[in-house]
Amino acid sequence: MEVGTSSFASHLASSSSITPLGSFLRKTKLDELPQLWNVLLGDMSLAGPRPNLFNQIELIKERESFGLYSVLPGISGIAQVNKIDMSPPKLFAETGRKMIKSLNLGNYFKYIIQTVAGNGNDDDGVKRL
409 MEVGTSSFAS HLASSSSITP LGSFLRKTKL DELPQLWNVL LGDMSLAGPR
459 PNLFNQIELI KERESFGLYS VLPGISGIAQ VNKIDMSPPK LFAETGRKMI
509 KSLNLGNYFK YIIQTVAGNG NDDDGVKRL
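Using our numbering, you'd call the opening residue of the sequence shown number 409 and step up by one each time.
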């Protein structure tokens, strides 16, 4: 992102504020590598409710009401593989709760495989195959 870009979800940023390197990193998913480091540190999981931004107040309230902060956030999860983005906060939080209630070893790896196989959304809400 260009210096001075407002702090909000990058998929909402105008294309003029994304640098060529940033565009390349997003298209190749290399921008997700820092999250893998967080998985190795134990701060994140490969599959779990996708973390929210600090300024998504309505989503934070919904997630708190469903107890979603009691589990590690994930790089991918049920919302992503079912094409649900963060714009409807209540639906996104309810989907996260559904994931937590049904999460077992099989589902954990199912979400990872579906993500690697290209199911679900990119950050811009467009399904990529």
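Positions of the beta carbon are idealized from the N, C-alpha and C atoms, including for glycine.
In chain order, what residues of the same chain lie with their CB nearer than 6 angstroms to the CB of residue i, ignoring the 5 residues before and after it?
i           : result
residue 501 : 470, 471, 474
residue 480 : 452, 453, 456
By DSSP's criteria, residue i is part of a beta bridge. Which residues make up the other side?
i           : result
residue 484 : 455
Look at the alpha carbon of residue i and the alpha carbon of residue j, and state the distance between them as a whole number of angstroms.
i           : j           : result
residue 506 : residue 456 : 11 angstroms
residue 537 : residue 524 : Residue placement at residue 537 is flagged as unreliable, the pLDDT there being 29, under the threshold of 50; a coordinate-derived value is accordingly withheld.
residue 450 : residue 494 : 24 angstroms
residue 444 : residue 496 : 27 angstroms
residue 429 : residue 442 : 16 angstroms
residue 460 : residue 468 : 7 angstroms
residue 515 : residue 462 : 28 angstroms
residue 526 : residue 509 : 24 angstroms
residue 478 : residue 458 : 13 angstroms
residue 425 : residue 436 : 18 angstroms
residue 517 : residue 431 : 29 angstroms
Classify residue i: buried if its beta carbon has 16 or more other beta carbons within 10 angstroms, exposed otherwise.
i           : result
residue 484 : buried
residue 427 : exposed
residue 492 : buried
residue 476 : buried
residue 512 : exposed
In chain order, what residues of the same chain lie with their CB nearer than 7 angstroms to the CB of residue i, ignoring the 5 residues before and after it?
i           : result
residue 486 : 503, 506, 507, 519
residue 498 : 470
residue 466 : 497
Going by the beta-carbon positions, is the gap between residue i and residue j smaller than 8 angstroms?
i           : j           : result
residue 489 : residue 522 : yes
Within the same chain, show all residues whose beta-carbon is closer than 8 angstroms to that of residue i, passing over the 5 residues directly before and after it, in chain order.
i           : result
residue 433 : 439
residue 447 : 453, 454, 483
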